[in-house]
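Asker:
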Amino acid sequence: MSAIDSDIPLVAEIGRHLVNSGGKRIRPALCLLAAHAGEKFDPDKSLPLAAALEMIHTASLVHDDVIDAADTRRGHVTANVKWGNQIAILSGDYIFARAFRLIADENYDRYVSKRLAELVGNLSVGEIIQDQNLFDAGIDWDGYYDRIQKKTADFLEICCELGGVIGGLPKTDTDSLAAYGHAVGMAFQITDDLLDVWQTSAALGKPAGNDLKQGIATLPTLRALEVSPRRDELAAIITDRQMTDEMLQTALSIIRSSDAQEFTQAKANDYLTKAKASLPKNLPADLRESFVAVADFIGCRRF
Numbered sequence: 312m313s314a315i316d317s318d319i320p321l322v323a324e325i326g327r328h329l330v331n332s333g334g335k336r337i338r339p340a341l342c343l344l345a346a347h348a349g350e351k352f353d354p355d356k357s358l359p360l361a362a363a364l365e366m367i368h369t370a371s372l373v374h375d376d377v378i379d380a381a382d383t384r385r386g387h388v389t390a391n392v393k394w395g396n397q398i399a400i401l402s403g404d405y406i407f408a409r410a411f412r413l414i415a416d417e418n419y420d421r422y423v424s425k426r427l428a429e430l431v432g433n434l435s436v437g438e439i440i441q442d443q444n445l446f447d448a449g450i451d452w453d454g455y456y457d458r459i460q461k462k463t464a465d466f467l468e469i470c471c472e473l474g475g476v477i478g479g480l481p482k483t484d485t486d487s488l489a490a491y492g493h494a495v496g497m498a499f500q501i502t503d504d505l506l507d508v509w510q511t512s513a514a515l516g517k518p519a520g521n522d523l524k525q526g527i528a529t530l531p532t533l534r535a536l537e538v539s540p541r542r543d544e545l546a547a548i549i550t551d552r553q554m555t556d557e558m559l560q561t562a563l564s565i566i567r568s569s570d571a572q573e574f575t576q577a578k579a580n581d582y583l584t585k586a587k588a589s590l591p592k593n594l595p596a597d598l599r600e601s602f603v604a605v606a607d608f609i610g611c612r613r614f
């Protein structure tokens with residue numbers, strides 16, 4: 312909390328609201344696990360990087376909520392609803408700045424700063440790609456995978472890689488951990504897309520079907536567009552920028568009546584299998600077990 316604290320009462324209040332809203336904290340956990348695997352592991356050196364990664368994630372979510380006009384996040388009212396879009400955007404910028412201040416204060420290797428800059432750039436590019444393809448019923452598998460790579464997989468890849476770097480692991484091992492992070496990141500986003508169609512709003516902490524309502528065609532939707540006998544009806548709904556709640560429920564029904572759930576879950580499972588196989592061979596047993604547990608959680612999570 313101290314990393315985003317401020318002498319300005321409103322800024323401090325917004326920081327408390329965002330921190331107290333919770334989250335899975337998978338990104339800093341993976342960073343610390345990877346750092347712990349190295350001979351140079353130092354908690355005092357590792358924690359600021361882990362915190363900065365979570366702050367970058369939080370800042371990006373604040374901006375996402377403004378873009379999506381989201382009302383809730385993690386079961387709590389969003390910053391844009393509570394304080395307005397302008398303050399929310401500036402708050403996200405503030406948290407980004409504080410994250411990079413943490414990195415600067417610790418004087419990490421230049422490579423760390425370079426990768427974090429690439430991360431923020433890719434997050435932005437992922438959002439731009441997504442925005443370009445809103446309300447589009449075209450089946451573009453490569454475009455979908457490229458988008459989720461930039462929005463999610465690159466992030467978890469960097470968390471694992473940089474944790475290994477500051478922990479002193481050899482490059483072969485940091486590359487292996489990066490491959491693990493990339494694969495679990497792909498699975499994480501695919502699972503997220505699956506839950507958006509099949510889970511309830513109460514369980515998600517945000518509106519179910521929100522991606523579809525925003526005009527975002529995720530993997531379950533793309534599969535239904537490919538195989539459903541009602542694909543034309545689904546396409547007509549997806550491309551309608553005035554989509555009503557009734558139309559949304561119809562679209563969800565069409566997707567749910569196809570094999571999209573099984574198809575999407577199988578894709579996520581393929582990535583999780585790849586993730587486990589990518590782990591360095593010489594990882595200590597307890598750390599390997601933890602990395603496997605993270606992958607298993609992603610595969611069976613319900614929120």
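Just so you know, we're using this note's numbering here: the sequence shown kicks off at 312 and counts up by one. Note that the Cβ used here is the ideal one computed from N, Cα and C, for glycine as well.
Using a threshold of 8 Å, state whether the C-beta atoms of L583 and G520 are closer than that.
Answerer: no
Asker: Keeping to the same chain, check which residues put their C-beta closer than 6 Å to that of R552; ignore five residues upstream and five downstream.
Answerer: Excluding its 5 nearest sequence neighbours in each direction, R552 has C-beta neighbours in its own chain below 6 Å: F446, listed in chain order.
Asker: With S424 as the anchor, note down where its alpha helix (DSSP H) starts and where it stops.
Answerer: It spans 421 to 443 - the alpha helix (DSSP H) in which S424 sits, taken as one unbroken run.
Asker: Restricting to Cα atoms, I'd like to know which of L427, K578, S568, I325 is closest to A363.
Answerer: L427
Asker: Quick check: the Cα distance between I319 and L360, rounded to an integer number of angstroms?
Answerer: Whole-angstrom Cα-Cα distance: 25 Å.
Asker: Quick check for students: name the residue ranges of the beta strand (DSSP E) that lie wholly in the region 336 to 390, counting only runs of 3 or more.
Answerer: Counting only runs of 3 or more residues that sit fully inside the region 336 to 390, no beta strand (DSSP E) segment turns up.
Asker: Does the separation of the CB atoms of A345 and G496 fall below 8 Å?
Answerer: no
Asker: Label L434 either buried or exposed according to how many other C-beta atoms from any shown protein chain fall within 10 Å of its C-beta, with 16 as the threshold for buried.
Answerer: When all chains shown are included, L434 counts as buried.
Asker: Helix, strand or coil for P320 per DSSP?
Answerer: helix
Asker: Tell whether a beta-carbon distance below 8 Å holds between L341 and G492.
Answerer: yes
Asker: Out of curiosity, what's the CA-to-CA distance linking M558 and I565?
Answerer: In a straight line, the C-alpha of M558 is about 11 Å away from that of I565.
Asker: Using a beta-carbon distance below 8 Å, is T483 in contact with chain B?
Answerer: This model lacks chain B altogether, as it is built from one protein chain only.
Asker: Could you tell me the alpha carbon to alpha carbon distance between Q576 and S539, rounded to whole angstroms?
Answerer: Taking the straight line joining both Cα atoms gives about 17 Å.
Asker: In the DSSP assignment, find the alpha helix (DSSP H) that holds I450 and state where it starts and stops.
Answerer: No alpha helix (DSSP H) contains I450, which DSSP labels as neither H nor E.
Asker: Can you grab the Cα-Cα spacing for the pair E472 / K585, in whole Å?
Answerer: Using only the alpha carbons, I get a separation of about 16 Å.
Asker: Verify whether the separation of the beta carbon atoms of I315 and A390 is less than 8 Å.
Answerer: Judged by beta-carbon spacing, A390 lies beyond the 8 Å limit of I315, meaning their Cβ atoms are not closer than that value.
Asker: Would you please state the rounded distance, in angstroms, between the beta carbons of L536 and I450? I believe it to be under 8 Å.
Answerer: 6 Å
Asker: Under three-state DSSP, which class holds Q525?
Answerer: coil
Asker: Taking a contact to mean a Cβ-Cβ separation below 8 Å, would you say D484 touches P591 in this structure?
Answerer: yes
Asker: What are the start and end residues of the alpha helix (DSSP H) that includes N580?
Answerer: 571 to 589
Asker: Can you tell me the Cβ-Cβ gap for L488 and D465, rounded? I've got them flagged as a contact below 8 Å.
Answerer: In fact, because the Cβ distance is near 14 Å, the residues do not count as touching under 8 Å.
Asker: Could you give the first and the last residue of the continuous alpha helix (DSSP H) run that contains Q560?
Answerer: 556 to 567
Asker: Helix, strand or coil, according to DSSP, for A519 in the structure here?
Answerer: coil
Asker: Once you ignore the five residues that flank H347 on each side, which residues in its own chain have a CB closer than 7 Å to its CB?
Answerer: G478, L598
Asker: With 16 other CB atoms within 10 Å as the buried threshold, where does G432 fall?
Answerer: exposed
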